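>
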Amino acid sequence: MRLTTNFWLEEFQCKDGSEMPKPVFRKIEILAKQLQVIRDVLSVPMTLTNAYRSPSHNRVVGGVKSSQHLLGTACDIQVNGISSQQVYDTIERLIKEGKIKQGGLGLYYNFVHYDIRGYRARWDFVNKNKE
283 MRLTTNFWLE
293 EFQCKDGSEM
303 PKPVFRKIEI
313 LAKQLQVIRD
323 VLSVPMTLTN
333 AYRSPSHNRV
343 VGGVKSSQHL
353 LGTACDIQVN
363 GISSQQVYDT
373 IERLIKEGKI
383 KQGGLGLYYN
393 FVHYDIRGYR
403 ARWDFVNKNK
413 E
């Protein structure tokens, strides 16, 4: 099922094959629209390495109990040819410009976490900063 021009529902499904609850699906639809804005600005395909997680899968991967992934409001992004720092900076700029929703933004060595929790949260495991 196509959610946006470049994103399909399958990309957001839990890696353990768990069925996505309907309330989660509604949030995934919103998240996909935000990601489409990012994708349009970057002008290159994005890989979603993690989106919705079932509670059991979240435990297996060591996710926090309050993970936004459980709610369908978060994804982890990789973009070939663009550094995680550049992706992070682009998302931060788009949030500041009001083009995508405010939320959590985390910088990791090989991916960026973005979520639409509705309030600002930042962390940086590359430079070891947290706001």
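Position 37, counted from 1, in the sequence shown is what the numbering used here calls 319; the numbers after and before it change by one each time, with no gaps.
Backbone N, C-alpha and C fix where the C-beta goes; we use that ideal spot for every residue, glycine too.
Just so we're clear, the structure is a prediction, and the values are computed from it rather than from any experiment.
If you check the beta carbons only, do THR427 and LEU324 fall under 9 Å apart?
The first residue shown for the chain is 283 and the last is 413, placing residue 427 beyond what the model contains.
> Output the distance between the C-alpha atoms of ASN362 and ARG399, rounded to the nearest integer angstrom.
The sequence position of residue 362 within the sequence shown is 80, counting from 1. The sequence position of residue 399 within the sequence shown is 117, counting from 1. Distance between the alpha carbons of ASN362 and ARG399: 26 Å.
> With DSSP as the reference, please indicate the residues paired to TYR391 in a beta bridge.
Position 109 of the sequence shown, counting from 1, holds the residue named residue 391. TYR391 is not bridged to any residue.
> Going along the chain, which residues of its own chain have a beta-carbon closer than 6 Å to the beta-carbon of ASP358, five neighbours each way excluded?
The residue labelled residue 358 in the question sits at position 76 within the sequence shown. Within the same chain, ASP358 has close Cβ partners THR331, ASN332, PHE393, HIS395.
> Leaving out five residues before and five after SER336 in sequence, what residues of the same chain have Cβ atoms less than 7 Å from its Cβ?
The sequence position of residue 336 within the sequence shown is 54, counting from 1. Contacts found: CYS296, ASP298, SER300.
> Starting from the N-terminal side, write out each stretch of the beta strand (DSSP E) that is 3 residues or longer and does not extend beyond the region 334-399.
356-360, 386-389, 394-397
> What span of residues does the beta strand (DSSP E) with ARG404 cover, start to end?
To locate residue 404, count along the sequence shown from 1; it is residue 122. In the DSSP annotation of this structure, the continuous segment of the beta strand (DSSP E) that includes ARG404 starts and ends at 403-406.
> Could you compute how far the alpha carbon of PHE407 sits from the alpha carbon of TYR390?
Within the sequence shown, residue 407 is the residue found at index 125, counting from 1. Within the sequence shown, residue 390 is the residue found at index 108, counting from 1. Whole-angstrom Cα-Cα distance: 5 Å.
> Please confirm whether GLN367 and MET328 have their CB atoms less than 9 Å apart.
One-based indexing of the sequence shown puts residue 367 at position 85. One-based indexing of the sequence shown puts residue 328 at position 46. No, they are not a contact pair.
> Sorted by chain position, which residues of the same chain lie with C-beta nearer than 6 Å to PHE294's C-beta, five sequence neighbours on each side aside?
For this step, residue 294 is matched to residue 12 along the sequence shown. ILE310, ALA333, TYR334.
> Roughly how many whole angstroms lie between the Cα atoms of GLU292 and ALA314?
The residue you call residue 292 lines up with position 10 of the sequence shown. The residue you call residue 314 lines up with position 32 of the sequence shown. Going from the Cα of GLU292 to the Cα of ALA314 covers about 12 Å.
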